[in-house]
Structure formats: structure tokens, C-alpha cells
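K.L.:
For the sequence shown, this note's numbering gives the first residue as 2, with consecutive numbering after it. Note that beta-carbon positions come from the ideal geometry of N, C-alpha and C, so glycine has one too. A quick note: this is a predicted structure, and the numbers were derived from the prediction, not measured.
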Amino acid sequence: MGSNGRSNNGHGQPLYATRIDLPADIRAQVIASLNNTLAATLDLKTQVKQAHWNVKGLQFYQLHELFDEMASELEAYVDMVAERVTALGGLALGTARIAAAQSILPEYPLDILDGKDHVVALAERYAAYAKLVRDGIQSTDDLGDADTADLYTEVSRDIDKRLWFLEAHLQTGEAIVAMVQPEEDAAEPAKAKKTTKRTK
Ligand SMILES: [Fe+2]
């Protein structure tokens with residue numbers, strides 16, 4: 002620990018002293034995960050804005066509005082993730098240059114116009130981001146930071162919902178890959194439940 006209350010977490014970034022009851026090595030690992038997520042979230046937000054500005058076609062207006070709503074939601078996550086980093090004594094790495102360098106997402110295609118192409122491009126990126134966030138739930142839970150796992154869970158639930166919104170634009174009858182039949186054994190408890198009398 003330096004005299005200014007800083008120590009190095011091994012990634013060339015400062016780790017500040019805090020009264021939080023999580024060990025420094027755990028905080029450093031959670032902070033690294035959060036900064037990785039921060040880069041991807043900033044990147045995704047700018048890509049959704051790119052779609053918001055440039056989408057064309059018959060569904061222009063509804064997609065233009067939907068993409069703006071999604072960008073605002075991501076802006077809120079940017080703040081949540083960055084402030085969890087600082088709450089844990091870390092340095093939030095949130096400039097555009099860092100986001101571009103660290104993001105797991107591919108660059109947004111600049112040669113698409115039609116609404117469907119933008120929806121596909123965003124669905125691919127939301128799916129990759131959803132996986133990153135879901136992995137974050139597990140890894141931070143394993144590290145014993147239930148609060149960060151909860152933050153990830155909140156984001157994950159909303160991202161899955163947005164992925165559904167995007168994919169609903171693309172799904173037709175052919176999108177059904179399997180008809181799921183309940184197995185006989187699994188159907189039994191439901192049957193039993195049906196005949197259970199209510200007690201009040
Ligand atoms: Fe706008």
C-alpha cells in the first residue's frame with residue numbers, strides 16, 4: 002500500500018484503500034471483470050446509437066425509437082458498472098479509447114441500411130454481451146461478491162429481454178427449431194397438483 006492509500010492490483014491500475022469487508026485480491030479480480038464489462042457496455046451503447054441514427058426502411062420510425070430506448074438503458078448500466086468499480090476501490094476505465102481497445106465486441110458494420118440488417122447486427126452483439134454479463138454473474142458469485150453478482154443479474158435480465166425484442170422482429174414460423182413435449186414423468190407432479198384441494 003502506498004502512502005497515498007493506493008496499491009497496485011497487478012494490472013497496472015491503482016487499488017484504493019476502503020473499509021469494505023472484501024479482501025484486496027478479491028476486489029482486484031472483481032474490478033478487472035467490471036472494467037471489461039464497462040468497455041463492452043460503452044462500445045455496445047455507441048453501436049446502438051449508430052443503428053439509431055442510420056437505420057432506414059419501412060420500419061424506420063419504430064426501430065429508431067427502440068434503438069434510442071436501448072441506448073439509454075445501456076448508458077444507465079455504464080454508470081452502474083463504473084460506480085461499482087469505484088465503490089470497490091478501483092479506477093473506472095471508461096474513456097472511448099479504452100472501450101474501443103478492450104471491448105469483446107466486433108466493430109459495427111458501416112455498410113448496412115435496412116432495418117432487418119440492423120436488427121441482426123444488434124442481436125449478434127446483444128447475444129455476445131449477454132454471455133459476458135451472465136459469465137460475470139457466475140465469476141463474481143464464485144469470488145464471494147454477491148452485490149456485483151446481483152448487479153450483473155439485473156443487467157442480464159434486461160439484456161435477455163432486449164435480445165428477445167430484437168429476435169421477435171426476425172422470428173417467423175421457420176424460427177421454431179423444436180416442439181418441446183413435456184416428458185411423462187415431468188407431467189405427473191402437475192397432474193397431482195391439479196387435484197390438490199385448497200385448504201382455505
Ligand atoms: Fe436521437
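1) Run through the DSSP bridge pairs and tell me what D115 is partnered with.
2) Kindly examine ligand 1 and report whether one of its heavy atoms sits closer than 7 Å to the Cβ of H53.
3) In angstroms, rounded to a whole number, what distance separates the CA positions of W165 and L75?
4) Given 8 Å as the limit, is there contact between the stretch 25-40 and the stretch 140-153, that is, 3 or more CB pairs closer than that?
5) Find the nearest neighbour of V156 within the set V56, T42, D69, judged by alpha-carbon distance.
6) On the CB-based measure, 16 or more other CB atoms within 10 Å of its CB, does R85 come out buried or exposed?
7) Whose CA, out of T47, Y17, G90, lies closest to the CA of P107?
8) For L106, does the three-state DSSP call read helix, strand or coil?
9) Reducing DSSP to helix, strand and coil, say where A193 ends up.
10) If you measure from the CB of D69, is any heavy atom of ligand 1 nearer than 7 Å?
11) Our contact map puts G90 next to L16 with C-beta atoms below 8 Å; I'd like the distance itself, whole angstroms only.
P.N.:
Taking the coordinates as given:
1) Residue 115 sits at position 114 when you count from the first residue of the sequence shown. Paired residues: K57.
2) Here residue 53 refers to the residue found at position 52 when the sequence shown is read from its first residue. Here the distance from the Cβ of H53 to the nearest heavy atom of ligand 1 is below 7 Å.
3) Looking up residue 165 in the sequence shown gives position 164. Looking up residue 75 in the sequence shown gives position 74. In a straight line, the C-alpha of W165 is about 16 Å away from that of L75.
4) As far as the Cβ criterion goes, the stretch 25-40 touches the stretch 140-153, which means the pair count is three or higher.
5) Counted from its first residue, the sequence shown places residue 156 at position 155. From the listed residues V56, T42, D69, the smallest Cα separation to V156 is found for T42.
6) Counted from its first residue, the sequence shown places residue 85 at position 84. Classification of R85: buried, given that the 10 Å Cβ count is 16 or more.
7) Here residue 107 refers to the residue found at position 106 when the sequence shown is read from its first residue. With distances taken between Cα atoms, P107 lies closest to T47.
8) Numbered from its first residue, the sequence shown carries residue 106 at position 105. In the three-state scheme derived from DSSP, where H, G and I count as helix and E and B as strand, L106 is classed as coil.
9) The residue labelled residue 193 in the question sits at position 192 within the sequence shown. Its pLDDT being 48, under 50, A193 is placed unreliably in this model, and the value from its coordinates should be taken loosely. Assignment of A193 by DSSP, reduced to helix, strand and coil, places it in the helix class.
10) Here residue 69 is taken as the residue at index 68 of the sequence shown, counted from 1. At least one heavy atom of ligand 1 is found less than 7 Å from the C-beta of D69.
11) Working through the sequence shown from its first residue, we reach residue 90 at position 89. Working through the sequence shown from its first residue, we reach residue 16 at position 15. Going by Cβ atoms, the distance from G90 to L16 rounds to 5 Å, so yes, they are a contact pair.
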